[in-house]
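Visitor: In the working numbering, the protein residues as written are -12 to 637. Pasting a structure here, questions to come.
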Amino acid sequence: MGSLHAQWTSDPNAPAVVCDTSNQQQGVQTLKDGAGGVYVFWTDDRAVYQNNDVYAQHYSAAGLPLWEKNGRLLIDYRGSVNSYQAAAHGDGSFLIAWSVINSPQGESNGVYAIRFDGEGQKLWQDTVKLRNQTSYPNSIGGVRLVKSLDTYFVASQGNLIGGANQVKINKIDADGNLLWPFGGSESPGSIGSYGSFGCSPDNQGKLYLYKTTGNGLGAGIYCMLIGGTTDLVNQWLNWENVTILSQGLGGNYSAIGDEQGITFVWVGGGTEGSGTNIYARRFLASNGGQSWNNSTKVITAAEGNQSNFYLKKSGANYYITWADSRPGVIGNSAIYAQKFTINGVVLWQENGVQVANLNTYIPYPEFDLDSNNTMCIAHASGGLVAHKLHDDGTTIDWAPAGCKVFSSTYSPFYSDFNMLYTGERFVVVGAASRPGGGADNIYINEVKLPPVEITREVSACNSYTLYDSTYTVSDSYVIDRGDTILTLDLTITQNHAEFTTEGLKLTAVNDGEFQWYNCSTSSIVGDATNPVFNVTVSGNYALILTNGACVDTSECAEITVLAIDEMAHRKNLNVFPNPGDDYMVVAATNLSFAPEQVTIIAMSGQVVYQELVAQGLSTVKVNTSEFASGLYLIRLTGNSGILQSTWMKK
């Protein structure tokens, strides 16, 4: 069994223990603390069997529990907590609302709220009571706590003697002040409900409230937007029928509100498939009117039953996963997923993307999204396993068996677990199933496969960058990426095109295959493929250097061939015969000029001939029989400068 005081663990056979004290722990809820950590909440009857209080644990971003072993007692109402919900305030603090029934002091029955800081200490002097019990004692449950803008709505449902369920709404601020009357307010014109209810914020200080007409097949859903400063005021003219023109509910339902409207998703029967399908419909915040051209969108209508879906919104898109018993699945249900837009456009393949097809019993898949909108979906299959589905809807990480999060020993009781992304990691918190039924003990694990060892051979030029690190030396590197250990066998070929300039002479610094390049004309220079290049024409020049598969081009350098008085030099330098064939004679006609070296350069810049002139000679004869036809630059260097002329080979 995992140590309570260890960092994040990922061993499915030894998960980290959140709480393993006596009696039952269940009803897991989680909140991100805003600093990479997580708050874990649960109901606990350790004091008196079947009399629940609320406990919590705070985990740091490093996975360290910050509070007492087995959790800190937050809500103690003599073991009479019936239902609760926690909500983050946004600064590391959080609120909890809960209902009390079966209290030894009957007057204590009702609904309450309190706010805690990040250390689990109360921020309000007193717990705030929001309503008393109904005329039917011990019936208040289903507490919902929702933040909308800077205020909180607390909704709760209680039975009435001889009547339907009654939903009352309270509104409070972050300091615990009642903004609506004590006892809560009921939405005018509300339908008589014998089913369940839900609510979602519009993020503008109002609340979408929705109720079902019953708990059986075919029940309908109705919705209203409510607001008001000092008391509840309906924002729409009428309660809107969500499931109108459909066969009603055939399973679970959910809704997500925003500033422009609210989108509903539900499991229901229909003519599109042979079993239950998943549908969606959107209503406008402005007047409750239907969006999407008054149409209901089919999320999936594959053969068989689609059920137990889980829904989230990111930006302008919705992500959903569900259990699916279409033909061909291995267990009772495979796991599928889909993505659709706020405009009702389904983005992935028709009837969803298969995420997993494993032996299952009754899976309740749940997921969270990372910063790239990658879905990490956890579901029951021989324990609890997880799969990653990327935002393109086509890439699924990990093998078909997925990543085992909890072994069957620690597998959560049906849907009593939370998946969340915090501190750049996915973690799962779950209440383990008891052999005799129900849940008991809370565990937490990071979703992480044992590292896969991979070897990669890479050849690169000059440097290689991987995972934000740059390598410049050939070697074997071991890179630990958590879920992957990569051995990188790296071969680096250093190939830097650099050259020096000495007058009109350009010289490559490094070895390789050479090609000189005229940047001014954007063309290579003929046969200029030697490490030394003598420039004959002014311009911008660069070196292209090749070593194996590595090619590098230097910066361009401007080279200027100084202008020479050609006529004056022709008077002092005589080259004949011109044009010539097998030989030429180079002669200085100025008796004061003492020749020292004669250089002959092809127009490509290649030096084809170079010879020192014996002292006292003013004439040099050069054998040109092997020269290619073309124009050549003749350069005679002497005691008083350079004489230059041209010569043509026939």
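Note that the Cβ used here is the ideal one computed from N, Cα and C, for glycine as well.
What ranges does the beta strand (DSSP E) occupy inside the region 199 to 282, keeping only unbroken runs of at least 3 residues that lie completely in it?
Guide: DSSP runs (the beta strand (DSSP E)) wholly in the region 199 to 282: 208 to 214, 236 to 244, 248 to 256 and 263 to 271.
Visitor: Is N559 helix, strand or coil when you go by DSSP?
Guide: The answer is helix: DSSP assigns N559 an H, G or I state.
Visitor: State whether the region 219 to 232 contacts the region 270 to 285, with contact taken as three or more CB pairs (one from each stretch) at a distance under 8 Å.
Guide: The region 219 to 232 is in contact with the region 270 to 285.
Visitor: For V285, which residues of its own chain have a beta-carbon under 7 Å away from its beta-carbon, when the five flanking residues on both sides are left out?
Guide: Cβ neighbours of V285 beyond the five flanking positions: E259, N264 and Y266.
Visitor: Using a Cβ-Cβ distance cut-off of 8 Å, determine whether Y71 contacts chain D.
Guide: Among the chains of the structure shown, chain D does not appear; only one protein chain is present.
Visitor: For N482, which residues of its own chain have a beta-carbon under 7 Å away from its beta-carbon, when the five flanking residues on both sides are left out?
Guide: Within the same chain, N482 has close Cβ partners C448, N449, G499, L532, N534, C537 and D539.
Visitor: So M590 is in the beta strand (DSSP E); what residue range does that whole segment cover?
Guide: Element bounds for M590: n/a, residue is neither H nor E.
Visitor: Taking just the CA atoms, how far does T457 sit from Y619?
Guide: Their backbone Cα atoms lie some 48 Å apart in a straight line.
Visitor: What are the boundary residues of the beta strand (DSSP E) that includes V538?
Guide: It spans C537 to T540 - the beta strand (DSSP E) in which V538 sits, taken as one unbroken run.
Visitor: Going by CA-CA distance only, name the one from S261, S282 and S143 that's closest to N228.
Guide: Closest option to N228, Cα to Cα, is S282.
Visitor: Just list the residues that DSSP pairs F354 with in beta bridges.
Guide: Beta-bridge pairing links F354 to I364.
Visitor: Assign E411 to one of three DSSP states: helix, strand, or coil.
Guide: Looking at E411 - three-state DSSP - the assignment turns out to be coil, as it is neither helix nor strand.
Visitor: How many angstroms separate the CA atom of K391 from the CA atom of I307?
Guide: Cα to Cα, K391 sits roughly 21 Å from I307.
Visitor: In whole angstroms, what separates the C-alpha of M406 from that of Y351?
Guide: If you take the alpha carbons of M406 and Y351, they lie about 12 Å apart.
Visitor: Report, in whole angstroms, the separation of the C-beta atoms of A206 and G257, which I expect to be a contact under 8 Å.
Guide: Contact doesn't hold; Cβ gap of about 15 Å is too wide.
Visitor: In whole angstroms, what is the alpha-carbon distance linking F673 and G592?
Guide: With the chain represented from -12 up to 637, any question about residue 673 goes unanswered, as that position is not in the structure.
Visitor: Which ranges would you report for the beta strand (DSSP E) in the region 479 to 525 if only whole runs of at least 3 residues count?
Guide: List check, beta strand (DSSP E) in window: 486 to 489, 492 to 495, 500 to 505 and 519 to 521.
Visitor: What beta strand (DSSP E) runs, 3 residues minimum, are completely inside the region 19 to 70?
Guide: Entirely contained in the region 19 to 70, the beta strand (DSSP E) runs reaching 3 residues are, in chain order, 25 to 35, 38 to 46 and 59 to 62.
Visitor: So, at 7 Å on beta carbons, what are the nonlocal neighbours of V460 in its own chain, with the 5 sequence-adjacent residues on each side left out?
Guide: If we look at V460 and ignore the five residues flanking it on each side, its Cβ neighbours are I479.
Visitor: To test your reading of the DSSP string, which unbroken beta strand (DSSP E) runs of 3 or more residues are found completely within the region 76 to 122?
Guide: DSSP runs (the beta strand (DSSP E)) wholly in the region 76 to 122: 81 to 87, 97 to 103 and 115 to 119.
Visitor: Using only CA atoms, which one of F393, A373 and S394 lies nearest to D384?
Guide: When each option's Cα is compared against that of D384, the closest is A373.
Visitor: Could you tell me the alpha carbon to alpha carbon distance between L298 and Y305, rounded to whole angstroms?
Guide: Cα-Cα distance, rounded: 7 Å.
Visitor: Using C-beta distances below 6 Å, list every residue in its chain close to H45, excluding the 5 sequence neighbours before and after it, in chain order.
Guide: Once the five neighbours on either side are set aside, the close Cβ partners of H45 are Y26, L53 and W54.
Visitor: Taking a contact to mean a Cβ-Cβ separation below 8 Å, would you say I249 touches Y195 in this structure?
Guide: A contact, by the Cβ cut-off of 8 Å.
Visitor: Grab the span of the beta strand (DSSP E) containing I621 for me, first residue to last.
Guide: Per DSSP, I621 belongs to the beta strand (DSSP E) from G617 to G625.
Visitor: In whole angstroms, give me the CA-to-CA distance for N295 and G238.
Guide: Each residue's alpha carbon lies about 7 Å from the other.
Visitor: Nearer than 7 Å: is that true of the beta carbon of V415 relative to any heavy atom of the ligand NAP?
Guide: Here there are no bound small molecules, and the ligand NAP is not part of this structure.
Visitor: State buried or exposed for V445, treating a residue as buried only when at least 16 other CB atoms are found within 10 Å of its CB.
Guide: The residue in question, V445, is exposed, as its Cβ has fewer than 16 Cβ neighbours within 10 Å.
Visitor: For the region 36 to 50 and the region 5 to 13, state whether three or more C-beta atom pairs, one from each stretch, are separated by less than 8 Å.
Guide: The region 36 to 50 is in contact with the region 5 to 13.
Visitor: Note down, in chain order, each residue of its chain lying with its Cβ closer than 7 Å to the Cβ of N344, except the 5 sequence neighbours on either side.
Guide: Result list for N344: V316, I317 and A321, in chain order.
Visitor: Per DSSP, which one or two residues make a beta bridge with V316?
Guide: Answer is none; V316 lacks a bridge partner.
Visitor: Are the CB atoms of I159 and V115 within a distance shorter than 8 Å?
Guide: The answer is yes: Cβ separation under 8 Å.
Visitor: Taking E290 as part of the beta strand (DSSP E), name the residues at either end of that continuous run.
Guide: No beta strand (DSSP E) contains E290, which DSSP labels as neither H nor E.
Visitor: Measure the C-alpha to C-alpha separation of S187 and F400 and round it to an integer number of angstroms.
Guide: Going by the C-alpha atoms only, they are around 26 Å apart.
Visitor: Of the choices K300, F184, I629 and S261, whose alpha-carbon is the least far from that of G291?
Guide: Per the Cα distances, S261.
Visitor: Hey, out of T200, D568 and E489, whose CA is closest to V548's CA?
Guide: V548 has its Cα closest to that of E489, out of T200, D568 and E489.
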